[in-house]
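Asker: Residue numbers (UniProt numbering): 1 to 393.
C-beta atoms are modelled at their ideal positions from N, C-alpha and C, and glycine is treated no differently.
Submitted below is the structure of interest, expressed as structure tokens.
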Ligand SMILES: [Zn+2]
């Protein structure tokens with residue numbers, strides 16, 4: 001799986017590998033192709049309700065090979081760690097789900113209900129795979145959703161949404177000694193950005209979600225003009241927002257629309273915007289039976305984890321940096337800024353669903369020398385097997 005370069009594409013090749021393993025074990029599955037070498041895979045073990053959906057994405061992010069100490073397209077094992085692109089985010093989590101299903105099937109473990117595997121394409125860019133599975137009604141009978149994204153020994157039950165908007169400002173070029181002959185695209189863009197930022201901050205001020213915190217608004221990219229003595233005919237800005245259920249993506253987009261329309265009406269500006277990414281915030285139930293089971297089953301694995309004082313210090317520090325908590329004794333429940341396919345799977349039921357993100361991995365996702373502790377990976381296969389059996393007892 002690590003050898004397949006599935007950077008927002010080629011997920012079909014990962015699905016083929018999973019299909020072979022599932023076929024050999026006699027687990028019912030199908031590949032649902034879309035586009036150029038892209039695919040989702042759905043597999044089911046057991047039958048009837050309740051249905052526990054377990055999910056992982058097959059795509060990874062690009063690598064900068066020069067910064068790696070090993071070949072990122074090869075699974076390398078060194079000092080109790082795995083290295084390779086996707087070991088943490090999240091081919092290991094996906095493999096652990098599949099292996100758990102295969103081992104349960106081979107052992108003939110009775111399952112009172114269904115484990116439904118949803119392996120997706122394109123989670124890293126727009127989540128088209130999860131979106132398609134939801135449209136194709138694969139979520140309709142699902143009672144609980146577990147996503148094996150890297151959380152370490154923690155349960156994430158809420159994720160912020162994300163809204164990315166690009167604003168284009170079209171002007172008219174002119175020599176800068178005659179500004180009246182032109183339309184300054186950069187100045188118009190700056191004014192409109194200023195108005196939008198002020199409005200968004202006013203509208204979201206004091207609105208908070210108790211797990212996820214507040215709305216985040218960042219102007220991350222700005223371009224425009226090409227010469228010091230020419231009135232710029234073009235400017236563009238890209239804005240990234242992290243959203244909460246209390247102030248929705250649609251409400252934010254409305255502010256953009258209103259401010260831009262009003263500004264265009266009152267001036268000679270030609271400003272337009274487009275949404276380039278739109279995923280909603282989701283909040284599950286902190287005390288769901290699924291999370292309680294994970295805490296019970298996972299606790300001994302967390303406590304038996306071999307960690308040096310130095311590693312504990314590092315883990316605490318990196319948890320702090322990402323706004324998360326760390327414990328060596330209890331499986332914590334928390335919310336997180338980053339999103340998952342859950343935003344598309346739960347589009348019709350974003351709040352209060354039995355949802356958890358719980359999978360093997362550390363904070364090296366998307367980074368150079370992405371790694372995963374070997375023992376954590378194998379622990380997770382054990383944990384998943386116990387969890388599936390107990391949840392569907
Ligand atoms: Zn991921």
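1) Taking residue 354 as the reference, give the member of 39, 13, 53 and 29 with the closest Cα.
2) Considering only C-alpha positions, which residue in the set 151, 340 and 170 is nearest to residue 318?
3) Apply the 10 Å Cβ neighbour rule to residue 140 and answer buried if 16 or more other Cβ atoms are within range, or exposed otherwise.
4) With burial defined as no fewer than 16 other Cβ atoms inside 10 Å of the residue's Cβ, what is the status of residue 321: buried or exposed?
5) Let me confirm a value: residue 12 is counted as buried when at least 16 other C-beta atoms fall within 10 Å, else exposed. Which label applies?
6) May I ask you to check if the CB of residue 277 is nearer than 6 Å to at least one heavy atom of ligand 1?
7) Given this structure, state the Cα-to-Cα distance separating residue 416 from residue 47, to the nearest angstrom.
8) Which residue wins for smallest C-alpha separation from residue 305, given the options 102, 174, 114 and 377?
9) Does the Cβ of residue 58 lie closer than 6 Å to at least one heavy atom of ligand 1?
10) Does any heavy atom of ligand 1 sit closer than 6 Å to the C-beta of residue 357?
11) So, with DSSP's three-state summary, where would you put residue 125?
12) For residue 158 and residue 346, what's the separation of their Cα atoms in angstroms?
13) May I ask whether a heavy atom of ligand 1 can be found less than 6 Å away from the beta carbon of residue 23?
14) Around ligand 1, which residues pass a check of Cβ closer than 5 Å to any of its heavy atoms?
15) What first and last residue would you give for the beta strand (DSSP E) that runs through residue 374?
Answerer: Reading off the structure:
1) Taking the chain shown and counting its residues from 1, one reaches residue 354 at position 354. Nearest in C-alpha terms to residue 354, of all of 39, 13, 53 and 29, is 53.
2) Here residue 318 refers to the residue found at position 318 of the chain shown. Nearest of 151, 340 and 170 to residue 318, Cα basis: 151.
3) Here the question's residue 140 lines up with position 140 in the chain shown. Residue 140 should be labelled exposed.
4) Here the question's residue 321 lines up with position 321 in the chain shown. It counts as exposed.
5) The residue given as residue 12 occupies position 12 in the chain shown. When all chains shown are included, residue 12 counts as buried.
6) Counting from one through the chain shown, the residue named residue 277 turns up at place 277. Residue 277: no, Cβ never under 6 Å from ligand 1.
7) Nothing can be reported for residue 416, as the shown portion of the chain is limited to 1 through 393.
8) To locate residue 305, count along the chain shown from 1; it is residue 305. Minimum Cα distance to residue 305 is reached at 377.
9) Stepping through the chain shown from its first residue, residue 58 is reached at position 58. Not so, every heavy atom of ligand 1 lies at least 6 Å from the Cβ.
10) Position 357 of the chain shown, counted from the start, is the residue given in the question as residue 357. No, since every heavy atom of ligand 1 falls outside the 6 Å radius drawn around the Cβ of residue 357.
11) In the chain shown, the residue the question calls residue 125 occupies position 125. Three-state result, residue 125: coil.
12) Taking the chain shown and counting its residues from 1, one reaches residue 158 at position 158. Taking the chain shown and counting its residues from 1, one reaches residue 346 at position 346. Residue 158 and residue 346 have their C-alpha atoms spaced approximately 12 Å apart.
13) Against the chain shown, residue 23 aligns to sequence position 23. Because no heavy atom of ligand 1 lies under 6 Å away, the Cβ of residue 23 does not count as near it: no.
14) Counting every residue whose Cβ lies closer than 5 Å to a heavy atom of ligand 1, we get 89, 90 and 149.
15) For this step, residue 374 is matched to residue 374 along the chain shown. If you look at residue 374, you'll find it isn't in any beta strand (DSSP E); it sits in the alpha helix (DSSP H) that goes 374-391.
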